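Asks:
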Amino acid sequence: MNKIVDNSTLTAAPVSLGALQGVGVPQDQAEDGGAVFKSVAPHASNADDAKGLNGEARVALSGWLAEQCQRSGSAYKRTRLHGDALQRQTIALLSLEVALFPEIDWDERLDALHIDRAHITSKHKMCKAVAATFGLDSKADNLVEARQAGKMIDRLALTVEWLANQIRSMTPAQLKAVTFDDQGVKQLVALLMSVGGITKASDLQRGINNGRGKVIIDRFAGAVKRADKGKAVLRKRDGLAEGADIPISITVTVGNKQVPFEVPQSLVESIKGQIYEDAYEVSPIANMLGELVEVGSVVAHREQTLAAGSLGADPEMYAGSRQFVLRPDQSILISSITPTDSCGPVVVARPKVAIVDPWPAGFCRLSSEGWSFAEANLLDADRRKYFDASIMASANTACAASIELITSVAGIEKARSYSVDVLPIASGLASYPLEFTLDKFSPEFEFAVSREDLKAWGALLPSRVSNRHKIELMSVGGGLSLLLGSHDFYPSHVTKVTDDEEVLFAPGILLSVLRMLVLLPLTDSDVEFEADPVGGMHIRFATEAADYELYIPAIMERGPKAHSRDLRPIPVA
74 MNKIVDNSTL TAAPVSLGAL QGVGVPQDQA EDGGAVFKSV APHASNADDA
124 KGLNGEARVA LSGWLAEQCQ RSGSAYKRTR LHGDALQRQT IALLSLEVAL
174 FPEIDWDERL DALHIDRAHI TSKHKMCKAV AATFGLDSKA DNLVEARQAG
224 KMIDRLALTV EWLANQIRSM TPAQLKAVTF DDQGVKQLVA LLMSVGGITK
274 ASDLQRGINN GRGKVIIDRF AGAVKRADKG KAVLRKRDGL AEGADIPISI
324 TVTVGNKQVP FEVPQSLVES IKGQIYEDAY EVSPIANMLG ELVEVGSVVA
374 HREQTLAAGS LGADPEMYAG SRQFVLRPDQ SILISSITPT DSCGPVVVAR
424 PKVAIVDPWP AGFCRLSSEG WSFAEANLLD ADRRKYFDAS IMASANTACA
474 ASIELITSVA GIEKARSYSV DVLPIASGLA SYPLEFTLDK FSPEFEFAVS
524 REDLKAWGAL LPSRVSNRHK IELMSVGGGL SLLLGSHDFY PSHVTKVTDD
574 EEVLFAPGIL LSVLRMLVLL PLTDSDVEFE ADPVGGMHIR FATEAADYEL
624 YIPAIMERGP KAHSRDLRPI PVA
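Per our numbering: the sequence shown = residues 74 to 646.
#1: In the DSSP assignment, the beta strand (DSSP E) including residue 612 goes from what residue to what residue?
#2: Relative to the alpha-carbon of residue 479, which residue among 458, 645, 606, 127 has its alpha-carbon at the smallest distance?
#3: Would you grab the beta carbon distance between residue 418 and residue 624 for me? Rounded to a whole angstrom, and I think it's under 8 angstroms.
#4: What is the rounded straight-line gap between the Cα of residue 527 and the Cα of residue 340?
#5: Which stretch, first to last residue, makes up the alpha helix (DSSP H) that contains residue 582?
#6: Taking only heavy atoms of the ligand NAP into account, decide whether any of them is closer than 7 angstroms to the Cβ of residue 492.
#7: Can you tell me the Cα-Cα spacing of residue 489 and residue 481, whole angstroms?
#8: Tell me whether residue 344 sits in a helix, a strand or coil according to DSSP, three-state version.
#9: Looking only at its chain, what residues have a beta carbon closer than 7 angstroms to the beta carbon of residue 202, apart from the 5 residues adjacent to it on each side?
#10: Assign residue 610 to one of two classes, buried (16 or more other C-beta atoms within 10 Å of its C-beta) or exposed (fewer than that).
#11: Just to confirm the assignment: which complete beta strand (DSSP E) runs, minimum length 3, are found wholly within the stretch 216-262?
#12: Just the Cα atoms here: how many angstroms apart are residue 647 and residue 198?
#13: Please list the segments of the alpha helix (DSSP H) lying wholly inside the stretch 416-473, counting only runs of 4 or more residues, in order along the chain.
#14: Indicate whether residue 531 and residue 576 have their beta-carbon atoms separated by less than 8 angstroms.
#15: Just how far apart, CA to CA, sit residue 302 and residue 627?
#16: Give me the residue from 600, 641, 355, 637 with the minimum Cα distance to residue 622.
#17: Helix, strand or coil for residue 354, going by three-state DSSP, please let me know.
#18: Tell me which residue opens and which closes the beta strand (DSSP E) that residue 330 is part of.
#19: What residue does the alpha helix (DSSP H) around residue 645 start on, and which one ends it?
#20: Taking the alpha-carbon positions, what's the residue 396 to residue 493 distance?
#21: According to the neighbour-count rule (16 or more other Cβ atoms, all chains shown, within 10 Å of its Cβ), is residue 636 buried or exposed?
#22: List the whole-angstrom C-beta distance separating residue 265 from residue 251, where the pair is believed to meet the contact cut-off of C-beta under 8 angstroms.
#23: Where does residue 360 land, buried or exposed, given buried means 16+ other C-beta within 10 angstroms?
#24: Put residue 211 into one of helix, strand or coil per three-state DSSP.
#25: Of the choices 321, 525, 255, 346, whose alpha-carbon is the least far from that of residue 297?
#26: Using 8 angstroms for Cβ pairs, my map puts residue 495 next to residue 475. What's the rounded Cβ distance?
#27: Please state whether DSSP places residue 159 in a helix, a strand or coil.
#28: Using a Cβ-Cβ cutoff of less than 6 angstroms, which residues in the same chain neighbour residue 524 once the five nearest sequence positions on both sides are dropped?
#29: Might you give, ordered along the chain, the residues of its own chain that have their beta carbon closer than 8 angstroms to the beta carbon of residue 230, omitting 5 neighbours on each side?
#30: For my contact list, residue 405 and residue 430 are in at a C-beta cut-off of 8 angstroms; report their separation, rounded to the angstrom.
#31: Could you tell me the alpha carbon to alpha carbon distance between residue 228 and residue 484, rounded to whole angstroms?
#32: Assuming residue 623 is part of the beta strand (DSSP E), what are its boundary residues?
#33: Quick check: what's the CA-CA separation for residue 188 versus residue 212?
#34: Looking at the secondary structure, which residues open and close the beta strand (DSSP E) in which residue 604 lies?
#35: Could you tell me which residues DSSP pairs with residue 396 in its beta bridges?
#36: Are the beta-carbon atoms belonging to residue 579 and residue 518 less than 8 angstroms from one another?
This is the structure:
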């Protein structure tokens, strides 16, 4: 267990900026505001070494860093010098702690300090860490102090989140520079100050959280860019020289024939910009990424609540439950890290467009921050035309590859690029994303639905399904009925029905899947459904970009738990 240091037992004199700039200050000068660290770190000298620790060594280093962090926070609380060097020092220490040890139980820390968790109203990830480290109690008897504590928790939580994310994204060489001494803290403080300090970093992280990295697009500039690229496509197609005029003729369809139609030149001028834009093709990789996050939206994404254990070796993966996994068979699994009996949909995509080349031989994943950026910017199909994408050799040696997304029409920055890293999945983790197997899958219902039928279903889908109702798939008079809320749907092309059987699904899950299918640009082929009462629903569908399989576990009749027979963690060696 990490050592808990009660703020009330610590004493510290005010620490000056000059003192913090010193390295290797003797221990006997500590109380005069000398060294940041009061002892030597056990088992590791820098952040990169720390990532390789396990067992007692890991616990020992975590406890040591917790004590330094708590001591610094206590000293800051006593000085009351808001915005001073000691506050930045504590933020640096805390950010390092949460980046290296994501499994820390902050509730336990708060309880040890007798801080009421119920009165921490901030929703930011690091709010409890900040409250515990700085000893901030928003339930203080003094209303002014309580209000100030609440505001400080809210602001500093975002700053810590930003700096911790920067630490997680560092290369091994950069992590080696983050040494467990005064110089290492100075490195982190300098990084914080490079963006303008505590408030600026807080504002940056707030913007990321609010928009999840969504880039503001200058649509006028985007239209001009696409028109220029469209002209280049048309000239290349027609063998025209660069800069040559592109002849435009307009035809109308009469019966089965296309007939040339003379229109005023002014009308041609007014529409040719749109003609050029339409000739521009969306980047296949950007479109594929956008479609993956669109289909993957049916897989719930939530912050992890599982005990981290050895997941601490991959904190970026542990940041969220939804994962995009590149499997050795060149398919992409979209799944979650959750217990099998609470799992939702699982998706397997087989892209027709290479998003990485060469394909990794082992299990890899898209970085959590990377797919979140893709979701923010490419989920809307209309936004994909503003982004180019290419496969890059990653600058991060820990990455298998990198997908570079870039737009030259960002509203504020003018140009904006982002790397979606492809990261290897480590062996020996406590939990892995789930995949499905059809080895024991025995469908009682098999049917197909045309794209037109799906659109008809979409027009009738309820806006929500009450948690009091189950979604039922059952046989009716030799046919098939899908009961969704108060609506019955009757699939076409029923190929197999077993009488007196029903399959139950959790409220809302099948509804979200049907909504996704209705909006997806499906090919003309039917969507195929298979259902097993003690397994779940297996769905096959296709777009121009990929072939898909989707599995929804059925729920048990006497409770909300999902059947887990067909689910298993990915087999990472």
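For every residue, glycine included, the Cβ atom is placed at its ideal position computed from N, Cα and C.
Since this is a predicted model, take the numbers as computed values, not measurements.
Replies: Taking the geometry as given:
#1: For residue 612, the enclosing beta strand (DSSP E) begins and ends at 609-615.
#2: 458
#3: The C-beta distance from residue 418 to residue 624 rounds to 7 angstroms, short enough to meet the 8 angstroms contact threshold.
#4: 38 angstroms
#5: Where residue 582 is concerned, the enclosing alpha helix (DSSP H) stretches over 582-592.
#6: With respect to the ligand NAP, the structure shown offers nothing to examine, as it has no ligands at all.
#7: 6 angstroms
#8: helix
#9: 167, 171, 179, 233
#10: buried
#11: Those beta strand (DSSP E) runs which fall completely within the stretch 216-262 and span 3+ residues do not exist here.
#12: Lying outside 74 to 646, the shown extent of the chain, residue 647 is not represented and no answer is given.
#13: 441-451
#14: no
#15: 48 angstroms
#16: 600
#17: Coil.
#18: 330-333
#19: Taken as a continuous stretch (DSSP letters only), residue 645 belongs to no alpha helix (DSSP H), as it is neither H nor E.
#20: 13 angstroms
#21: buried
#22: With 8 angstroms as the limit, residue 265 and residue 251 do not qualify as a contact, their Cβ atoms being about 13 angstroms apart.
#23: Residue 360 should be labelled buried.
#24: Judged by DSSP in its simplified three-state form, residue 211 adopts coil rather than helix or strand.
#25: 346
#26: 7 angstroms
#27: helix
#28: 595
#29: 195, 197, 198, 199, 200, 202, 203
#30: That belief does not hold up - the Cβ atoms of residue 405 and residue 430 are roughly 14 angstroms apart, past 8 angstroms.
#31: So the alpha carbons of these two residues sit roughly 27 angstroms apart.
#32: 619-626
#33: Cα to Cα, residue 188 sits roughly 8 angstroms from residue 212.
#34: 600-604
#35: 408
#36: Cβ distance not < 8 angstroms, so residue 579 and residue 518 don't count as in contact.
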